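Note that the sequence shown covers residues 1 to 246 in full-length UniProt numbering.
Glycine included, every Cβ here is placed at the ideal spot set by N, Cα and C.
Predicted model only: the values in this text are computed from it and were never measured.
Data block below; observations after.
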Amino acid sequence: MPCPIAPSRWSIARPRRARPGAGTLPPCPAGHDPPSPCTGSPMSAAPRTLYNLGSGPRRLFRQLPDADAFEGWQEIRVDVDPDCRPDILADLTDLRHAIPDGAAGMIYCSHVIEHFFDHDVSKVLAEFARILHPNGAAVMRLPDLAAVVRAFDEGDLERPLYQSPSGPIAALDVIYGHRRSIEEGNAFMAHRTGFTEASLARRLLAAGFDEVQTVPGPSVEFCALATMHQTVFTKQVEVLLSYVNP
């Protein structure tokens, strides 16, 4: 079983099945060593490469309070916005030209999936499942529509629900995207769909993951941990979950 995230509200799994082997590694982004090839299930074969999908402009490793757990790792930032200057400029619905099967020891994805149209979400999650090593782990963080409904104020949709690095966030921002960023011309910040803990867990299983655990996060967010098999990166998972849900 993968590392649990307590108190887990949803924890669902399905029978194990074999996954295809890894493909050929593409050229690595400039300034990075090539990821380790995926040749088996031992920890030595799982690449110490974290793909920060939808990374925005900042590197995750520079923000972690306990970065020692990722010593010897490399972080590869992937984003569709060229202004973020990612290592890989790509749309998450199709990463086949950029990232091979099983190349990610870990995936980190924070407040990204809700920016896709609902019919594209299955493509995005299937790509997550494809690039993740069988012994890796994917950590996701996203708005919780159920929590928004519980906090909903019919009389004041613009009442701040919480403070973020981008400023106060209201129900309208959670549902439709950060209004100020969109007003300033950043259409990438628009939200096109939404999730609850249960709905995301079901869609991750449908995309090919074997086990999904979720837990409420700060304010109107939740966190999800998705795995294929038993992850060998328990310590790294704990560090990421402590970062996103202190």
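| field | Residue(s) in a DSSP beta bridge with Leu-241 | value | What you label residue 241 is simply residue 241 of the sequence shown in a count that begins at 1. DSSP output for Leu-241 lists no bridge partner at all.
| Could you give the uninterrupted runs of the beta strand (DSSP E) lying entirely in the stretch 192-238, keeping only those of 3 residues or more? | 211-216, 221-227
| message | Nearest by alpha-carbon distance to residue 247: which of Leu-161, Cys-223, Gly-105, His-191 is it? | response | The question about residue 247 has no answer, for the chain in this structure spans 1 to 246.
| field | Residue range of the unbroken alpha helix (DSSP H) whose run includes His-133 | value | Locating residue 133 in the sequence shown gives position 133, where the first residue counts as 1. Looking at the DSSP string, His-133 is not in any alpha helix (DSSP H); the run it does join, the beta strand (DSSP E), is 132-143.
| With respect to the alpha helix (DSSP H) encompassing Glu-183, which residues constitute its N-terminal and C-terminal limits? | As a first step, residue 183 is located in the sequence shown; it is residue number 183 there, counting from the start. Glu-183 -> alpha helix (DSSP H) spans 179-183.
| said: Which residue marks the beginning of the beta strand (DSSP E) containing Ala-171, and which one marks its end? | reply: Here residue 171 corresponds to residue number 171 of the sequence shown, with the count starting at 1. No beta strand (DSSP E) contains Ala-171, which is instead part of the alpha helix (DSSP H) from 171-176.
| query | Which of the three DSSP states, helix, strand or coil, is assigned to Arg-150? | reply | Locating residue 150 in the sequence shown gives position 150, where the first residue counts as 1. It is helical.
| For Arg-17, which residues from the same chain have a beta carbon less than 6 Å from its beta carbon, with the 5 sequence-adjacent residues on both sides left out? | The residue you call residue 17 lines up with position 17 of the sequence shown. The predicted position of Arg-17 is uncertain, since its pLDDT is 48 and thus under 50; no value can be drawn from it.
| task | Just tell me which of Arg-180, Gly-72, Tyr-51 has its CA closest to the CA of Ser-164. | result | Residue mapping note: residue 164 aligns to position 164 of the sequence shown, counting from 1. Closest by alpha carbon: Arg-180.
| field | Assumed close pair Val-139, Cys-223 - CB separation to whole angstroms, cut-off 8 Å | value | The residue you call residue 139 lines up with position 139 of the sequence shown. The residue you call residue 223 lines up with position 223 of the sequence shown. Going by Cβ atoms, the distance from Val-139 to Cys-223 rounds to 7 Å, so yes, they are a contact pair.
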